[in-house]
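To keep things clear, I will list the structure first and then write my remarks on it.
2 protein chains.
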Amino acid sequence: MKVVGSLAGVSAMTVSRALRDPTSVSKPLFEKIKKVIDEVGYVPNLVAGSLSSDRTTQVALIVPSLRTAIHAEMIQGISDLLRRHGFQLMISDCGNSMELEETLIRTYVAQRVCGVILHNTRHSESALRILANAGIPVVETGDLTKKPIESVVSYSNYATGQAMARHFIDAGYRSMAFVSLPVENRERIANTRRGYVAALKRAGISVAGEQLVEVTTGLEGGARALQQILTHAPRTEAIFFSGDVLCMGALFECQRRGIKVPKRIALANSDDSELLAGAVPAVTAIRYPRYEIGVQAAQLVVDRAMKTESGAVVRDVGFTVVRRESS
Amino acid sequence: MKVVGSLAGVSAMTVSRALRDPTSVSKPLFEKIKKVIDEVGYVPNLVAGSLSSDRTTQVALIVPSLRTAIHAEMIQGISDLLRRHGFQLMISDCGNSMELEETLIRTYVAQRVCGVILHNTRHSESALRILANAGIPVVETGDLTKKPIESVVSYSNYATGQAMARHFIDAGYRSMAFVSLPVENRERIANTRRGYVAALKRAGISVAGEQLVEVTTGLEGGARALQQILTHAPRTEAIFFSGDVLCMGALFECQRRGIKVPKRIALANSDDSELLAGAVPAVTAIRYPRYEIGVQAAQLVVDRAMKTESGAVVRDVGFTVVRRESS
DNA sequence: CGAGCGCATGATATCGTTATCATGCTTTCC
DNA sequence: GGAAAGCATGATAACGATATCATGCGCTCG
Chain A
18 MKVVGSLAGV SAMTVSRALR DPTSVSKPLF EKIKKVIDEV GYVPNLVAGS LSSDRTTQVA
78 LIVPSLRTAI HAEMIQGISD LLRRHGFQLM ISDCGNSMEL EETLIRTYVA QRVCGVILHN
138 TRHSESALRI LANAGIPVVE TGDLTKKPIE SVVSYSNYAT GQAMARHFID AGYRSMAFVS
198 LPVENRERIA NTRRGYVAAL KRAGISVAGE QLVEVTTGLE GGARALQQIL THAPRTEAIF
258 FSGDVLCMGA LFECQRRGIK VPKRIALANS DDSELLAGAV PAVTAIRYPR YEIGVQAAQL
318 VVDRAMKTES GAVVRDVGFT VVRRESS
Chain B
18 MKVVGSLAGV SAMTVSRALR DPTSVSKPLF EKIKKVIDEV GYVPNLVAGS LSSDRTTQVA
78 LIVPSLRTAI HAEMIQGISD LLRRHGFQLM ISDCGNSMEL EETLIRTYVA QRVCGVILHN
138 TRHSESALRI LANAGIPVVE TGDLTKKPIE SVVSYSNYAT GQAMARHFID AGYRSMAFVS
198 LPVENRERIA NTRRGYVAAL KRAGISVAGE QLVEVTTGLE GGARALQQIL THAPRTEAIF
258 FSGDVLCMGA LFECQRRGIK VPKRIALANS DDSELLAGAV PAVTAIRYPR YEIGVQAAQL
318 VVDRAMKTES GAVVRDVGFT VVRRESS
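Residue numbers (our numbering), protein chains in the order written: chain A, 18 to 344; chain B, 18 to 344.
Have a look at this one:
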């Protein structure tokens with residue numbers, strides 16, 4: 018920058034100003050500086066800039082997994098909004114480990130990111146302390162948690178469970194099951210299931226232990242769950258899946274074994290996807306505005322980082338039960 | 018850090034050393050410093066550290082899209098390896114726009130990332146210049162391109178096209194089609210198709226214009242492609258899809274219309290996924306070691322960033338045609 | 001027993017920006 | 001016409017670490 022300055026016959030300060038706000042220097046000077054800059058191929062050092070100004074444009078995102086496609090839409094939403102405002106995205110996955118999340122948060126704070134978006138809603142004490150001390154905006158997106166760190170943009174997993182229960186009841190089913198990964202350490206799934214079971218119970222439908230199935234991930238997890246239910250709870254009329262892979266696994270298994278859906282058994286999933294909508298039969302599912310969640314979460318971070326806004330926001334983005342042929 | 022130092026009765030320098038290498042200070046001193054650090058909740062400022070040492074631990078990744086799940090495995094591989102070495106990941110998507118890619122690269126270089134991983138293999142002149150000037154490791158992953166910027170970790174898309182052509186021929190099919198998104202500006206798909214068509218031609222099988230179908234994305238893209246082929250090239254016996262969503266769309270359409278796969282028509286896809294493997298019928302597909310690509314690409318960046326290694330590497334990770342019921 | 005060496009620690013300059021205040025020049029307006 | 005105000009630019013001091021060289025101390029070894 019000093020070099021650029023001297024080549025253009027001005028001070029480094031003027032170059033800095035020209036770069037950040039072209040209107041702050043005279044027009045001919047700006048042109049000249051610009052010319053010098055791309056003649057020498059100068060690229061400003063944002064690290065130095067950040068240190069000096071105590072501001073960065075990096076936003077951290079921590080999701081449970083990068084592998085599953087569930088978060089892709091949300092990440093795209095975040096990325097799009099951040100790009101629009103000239104911010105960058107740093108991503109990590111932490112599984113369901115609070116310890117790992119804490120380590121990641123610590124690193125991100127050390128990097129002086131200007132905001133953090135967390136998909137998980139359970140955090141270690143230390144993590145909370147670090148975030149509080151850092152004084153940066155924090156947005157959670159995984160669940161409409163009762164006591165957020167600061168802001169939340171999400172839907173209520175509990176409510177989705179209730180909604181699906183009502184949908185099944187309205188459709189005339191009387192014996193329901195729920196299939197998911199193990200709920201232990203999976204707050205969101207646990208909440209969905211609680212809402213589901215509670216709403217069924219309120220309608221006088223009790224759910225047997227054999228109807229709360231926990232399986233390992235993957236299509237065959239879904240297939241196995243279906244088998245188990247048909248074997249141990251054969252009177253089950255409808256199954257609510259938490260995860261489209263599980264659900265598709267069960268659907269494929271039905272196709273293989275010639276089981277009629279929804280005649281013999283109805284299927285539905287907690288998370289809509291193109292696949293479920295296009296499957297044969299098309300599968301009932303709950304749709305969340307995932308892209309929008311990403312956009313809004315990122316917007317909150319950006320607003321607070323630019324001091325436009327402050328204060329915690331709790332935003333329930335809601336959801337829709339999309340009824341299709343499978344139920 | 019000064020504060021921590023004075024509270025522990027040592028200089029800032031010693032704190033810095035203690036933080037980076039506990040063995041470089043005496044044991045009791047280290048304990049004391051550690052105690053002070055978490056008493057005051059001190060979090061080191063990596064921005065300052067980076068400026069001073071002229072090193073960062075941030076690696077940039079630019080993929081065409083975050084929305085599709087195609088890259089999820091690779092991203093997970095990158096993320097896992099980076100975490101193991103204490104590096105961070107910055108992600109952006111640039112579609113197929115070289116201009117956007119250039120802008121992103123410029124920003125990342127300004128942020129002084131210590132390495133860049135690019136999925137696309139076509140780049141603007143300026144982007145290349147910026148990367149060259151930056152002197153940081155660059156790894157491409159999208160295709161085994163002839164003249165890489167520096168290092169490549171990938172497979173040959175052209176070769177996958179050839180391989181699938183051979184597979185179809187060996188299986189006894191004599192009239193083939195290819196379905197993909199528009200190949201314009203999509204180097205990788207274009208190469209796959211070229212390899213496919215070339216290998217077929219070498220076997221004396223010509224591909225009609227109606228058999229090279231370009232559709233829009235989504236399940237209905239695949240369905241539409243199938244319809245078009247059945248209508249305009251009814252003698253087609255096998256279709257090679259570029260993209261599992263398109264392929265599944267076609268498969269579902271077959272189910273809906275009672276078309277027997279592979280009896281009436283065989284299907285195969287260029288990119289294996291759990292879904293294709295578990296579908297009814299299970300779909301033939303080419304498997305790439307995506308996770309491994311991510312790991313190796315990240316490894317190259319880390320090695321070079323830590324000066325362990327230098328020099329360009331071209332690594333062909335290969336692929337496998339996984340034959341299943343659909344062909 | 002003394003020269004020399006190694007190890008733990010400190011002092012100081014520096015990394016490349018931006019914030020802040022200072023400066024000089026032009027403009028404005030009574 | 002001159003004081004005040006506004007604008008463009010410059011000089012200088014941070015920002016919070018690390019690199020580098022300096023220092024002092026104990027230890028080894030002939």
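The C-beta atom is built at its ideal place from N, Cα and C for all residues, glycine as well.
As the structure is a computational prediction, the values presented were derived from the model and not from experiment.
In terms of alpha-carbon separation, which member of the options lies closest to residue i?
i	options	result
Thr120/B	Leu98/B, Arg101/B, Ile147/B and His136/B	Ile147/B
Arg15/A	Ser197/A, Leu198/A and Arg183/A	Any answer about residue 15/A is impossible in this case: the structure gives chain A only from 18 up to 344.
His140/B	Arg129/B, Leu117/B, Leu161/B and Ala176/B	Leu117/B
Leu36/B	Lys277/A, Thr233/A and Ala127/A	Ala127/A
Ala267/B	Ala285/B, Pro251/B, Arg252/B and Ala250/B	Ala285/B
Arg341/A	Gly295/A, Gln316/A, Ser327/A and Ala314/A	Gly295/A
Ser96/A	Phe336/A, Val312/A and Gly335/A	Val312/A
Cys264/B	Val297/B, Arg129/B and Gly159/B	Val297/B
Ile166/A	Val331/A, Gly335/A, Asp38/A and Glu231/A	Val331/A
Ser114/A	Leu99/A, Gln272/A and Leu135/A	Leu135/A
Arg281/B	Met323/B, Val130/B, Ser343/B and Ala215/B	Ser343/B
Val64/A	Arg129/A, Val80/A and Lys19/A	Arg129/A
Leu293/A	Arg273/A, Gln316/A and Phe269/A	Phe269/A
Thr85/B	Val262/B, Glu291/B, Lys19/B and Asp289/B	Val262/B
Gly152/A	Ser327/A, Phe336/A and Gly335/A	Ser327/A
Arg205/B	Thr31/B, Thr162/B and Arg307/B	Thr162/B
Arg362/A	Gly260/A, Gln244/A, Phe257/A and Ala250/A	Any question about residue 362/A goes unanswered here, given that chain A covers just 18 to 344.
Consider the Cβ of residue i: report whether some Cβ of chain A lies at a distance smaller than 8 Å.
i	result
Val230/B	no
Phe258/B	no
Thr73/B	yes
Pro39/B	no
Ile108/B	yes
Ala65/B	yes
Leu68/B	yes
Ala283/B	no
Gly112/B	no
Leu83/B	yes
Gly235/B	yes
Val262/B	yes
Measure the alpha-carbon distance for residue i versus residue j and round it to whole angstroms.
i	j	result
Val53/A	Ala25/A	7 Å
Val76/A	Gln105/B	12 Å
Tyr305/B	Asp333/B	11 Å
Ser82/A	Asp110/A	5 Å
Gly221/A	Glu237/A	32 Å
Val57/B	Leu145/A	15 Å
Phe185/A	Ala255/A	7 Å
Met193/A	Ala299/A	19 Å
Thr234/A	Val196/A	11 Å
Thr158/A	Ala176/A	15 Å
Tyr59/A	Gly103/A	19 Å
Val338/A	Thr301/A	7 Å
Glu90/A	Glu291/A	12 Å
Thr124/A	Ala314/B	23 Å
Val156/B	Pro279/A	49 Å
Within 10 angstroms of the Cβ of residue i, are there 16 or more other Cβ atoms? Answer buried if so, exposed if not.
i	result
Gly132/A	buried
Gly94/A	buried
Asn150/B	exposed
Arg101/A	exposed
Thr253/A	buried
Met107/A	buried
Thr40/A	exposed
Asn137/A	buried
Asp55/B	exposed
Indicate whether at least one CB of chain B lies closer than 8 Å to the CB of residue i.
i	result
Gly266/A	yes
Val156/A	no
Glu90/A	yes
Using Cβ-Cβ distances below 8 Å, what residues of the segment 127–138 of chain A are close to chain B?
Ala127, Gln128 and Arg129
Against chain A, which members of the segment 290–312 of chain B pass a CB distance test of less than 8 Å? Glu291, Leu292, Ala294, Gly295, Ala296 and Val297
For the segment 47–65 of chain B, which residues have a beta carbon sitting closer than 8 Å to at least one beta carbon of chain A? Residues are counted here when their Cβ sits less than 8 Å from a Cβ of chain A; for the segment 47–65 of chain B these are Gly58, Val60, Pro61, Asn62, Leu63, Val64 and Ala65, given in chain order.
Q.
Along the segment 206–217 of chain A, where does the CB come closer than 9 Å to a CB of chain B? Name the residues.
A. When CB distances to chain B are screened at a threshold of 9 Å, not a single residue of the segment 206–217 of chain A falls below it.
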